[in-house]
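S.K.: In terms of my numbering, the sequence shown opens at residue 189 and continues consecutively. Quick one: this structure, given as structure tokens, is what I'll be asking you about.
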Amino acid sequence: MDESPVLIGKRAGYRIITLNRPQRLNAFNEAMQQALAAAVAEAEQDETCRALLLTGAGRAFSSGQDLNERITASGEVVVPGAALERYYNPLVLKLRALPFPVVCAVNGTAAGAACNIALACDIVLAARSATFLQAFARLGLVPDAGGTWLLPRLVGQARARGLALLAEPLSAERAEEWGLIWKAVDDSALMTEAEKLCVHFSTAPTAGLGLIKRALDASEDNDLSKQLDLERRLQGEAGSHPDYGEGVRAFLAKRKPNFTGKR
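Here you go:
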């Protein structure tokens, strides 16, 4: 078994990043955080990468922070703020800002910060046996890694408060019903469906998809007037890209477009 805390799989047009501490339910320690940040940065720098798939090895996506790193040798509890500033927050911001789609395949428990890292991805698929858990209240903590921002926007204030305050697990099927994730699929089909999405994105107009991400994120804070102005500016940028011309010509010729994928 490869003991690297993160595994990287390179495919034609996309990459797969797998959290790889299955014996610890892929709990985040510093080594995994560093390896994950490096893997995401490498994918961003690869001009042939047009989508990213994030998943976990074994029977969990991730159980969240490895609490063994929160206790010192003298028995003192480490305050989590430094890890948020150094690892979790930059990771969430990077996933949202990547210039191509990020698919997350949740193959089991996604708890704590790992749950919110999954939700920060663009499209979340989950195995039917998977669960989502905002575990923070069980430890007297506040949802982090973007949880307090993401949850109310995805499921509304009432459900966000219930998930955060009660710290009860949410099934994949209920998560789909509530709009927390894109889709719940059979366990055996999870990776097939996730890679199918990445194959689709690997031939899509990557620059345009990146602009869609920017527009949707900005809409959370803009009023209608500002958002309309942003759409106008982004549409001008998208319309100046060669992929737009190819899309128009392909539509008129009734053929499949051959997008360059250049960002």
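From the three backbone atoms N, C-alpha and C, an ideal C-beta is built for every residue, glycine too. This structure is a prediction, so every number in the text was calculated from the model and none was measured.
With H, G and I counted as helix, E and B as strand and the rest as coil, what does DSSP make of residue 400?
M.R.: Numbered from its first residue, the sequence shown carries residue 400 at position 212. Three-state result, residue 400: helix.
S.K.: CB-CB under 7 angstroms to residue 375, same chain, minus the five flanking residues each way: which ones, in chain order?
M.R.: Reading the sequence shown from its first residue, position 187 is the one you call residue 375. Answer for residue 375: 315, 316 and 317, listed in chain order.
S.K.: In whole angstroms, what is the alpha-carbon distance linking residue 343 and residue 365?
M.R.: Taking the first residue of the sequence shown as position 1, residue 343 is located at position 155. Taking the first residue of the sequence shown as position 1, residue 365 is located at position 177. Rounded to the nearest angstrom, the two C-alpha atoms are 10 angstroms apart.
S.K.: Mind checking who residue 311 pairs with in its DSSP beta bridge?
M.R.: By one-based count along the sequence shown, residue 311 stands at place 123. Paired residue(s): 291.
S.K.: Under a three-way DSSP split, which group does residue 267 fall into?
M.R.: In the sequence shown, residue 267 corresponds to position 79, counting from 1. Correct three-state label for residue 267: coil.
S.K.: How close, in whole Å, do the beta carbons of residue 302 and residue 326 come, if the pair is a contact with beta carbons under 8 angstroms?
M.R.: Taking the first residue of the sequence shown as position 1, residue 302 is located at position 114. Taking the first residue of the sequence shown as position 1, residue 326 is located at position 138. At roughly 15 angstroms, the Cβ-Cβ gap does not stay under 8 angstroms, so residue 302 and residue 326 are not in contact.
S.K.: Only counting runs of 3 or more residues, tell me where the beta strand (DSSP E) segments fall wholly within the region 337-402, in order along the chain.
M.R.: 371-373
S.K.: Excluding the 5 residues flanking residue 398 on each side, which residues of the same chain have their C-beta closer than 7 angstroms to its C-beta?
M.R.: One-based indexing of the sequence shown puts residue 398 at position 210. If we look at residue 398 and ignore the five residues flanking it on each side, its Cβ neighbours are 287, 288 and 451.
S.K.: On a Cα-Cα basis, can you pick out the residue from 319, 207 and 198 that is closest to residue 231?
M.R.: The residue given as residue 231 occupies position 43 in the sequence shown. Residue 198 is the option with its Cα nearest to residue 231.
S.K.: Would you kindly work out how many angstroms separate the C-alpha atoms of residue 306 and residue 260, rounded to a whole number?
M.R.: Stepping through the sequence shown from its first residue, residue 306 is reached at position 118. Stepping through the sequence shown from its first residue, residue 260 is reached at position 72. Roughly 29 angstroms between the two C-alpha positions.
S.K.: Could you check if residue 297 is buried or exposed, using at least 16 other CB atoms within 10 Å of its CB as the buried criterion?
M.R.: Here residue 297 corresponds to residue number 109 of the sequence shown, with the count starting at 1. With 16 or more other Cβ atoms within 10 Å, it is buried.
S.K.: Which residues in the same chain have their Cβ closer than 6 angstroms to the Cβ of residue 331, if we skip the five residues on either side of it in sequence?
M.R.: Taking the sequence shown and counting its residues from 1, the one referred to as residue 331 is at position 143. Counting only residues of its own chain and dropping the five nearest sequence neighbours on each side, residue 331 has a CB closer than 6 angstroms to the CB of 322, 324 and 352.
S.K.: Taking contact to mean 3 or more Cβ pairs, one atom from each stretch, closer than 8 angstroms, check whether the region 199-210 and the region 245-253 are in contact.
M.R.: yes
S.K.: Under 8 angstroms between the Cβ atoms of residue 236 and residue 382?
M.R.: Along the sequence shown, one-based indexing puts residue 236 at 48. Along the sequence shown, one-based indexing puts residue 382 at 194. No, the pair does not count as a contact, with Cβ atoms beyond the cut-off.
S.K.: Beta carbon of residue 377, beta carbon of residue 360: below 8 angstroms?
M.R.: As a first step, residue 377 is located in the sequence shown; it is residue number 189 there, counting from the start. As a first step, residue 360 is located in the sequence shown; it is residue number 172 there, counting from the start. Contact: no.
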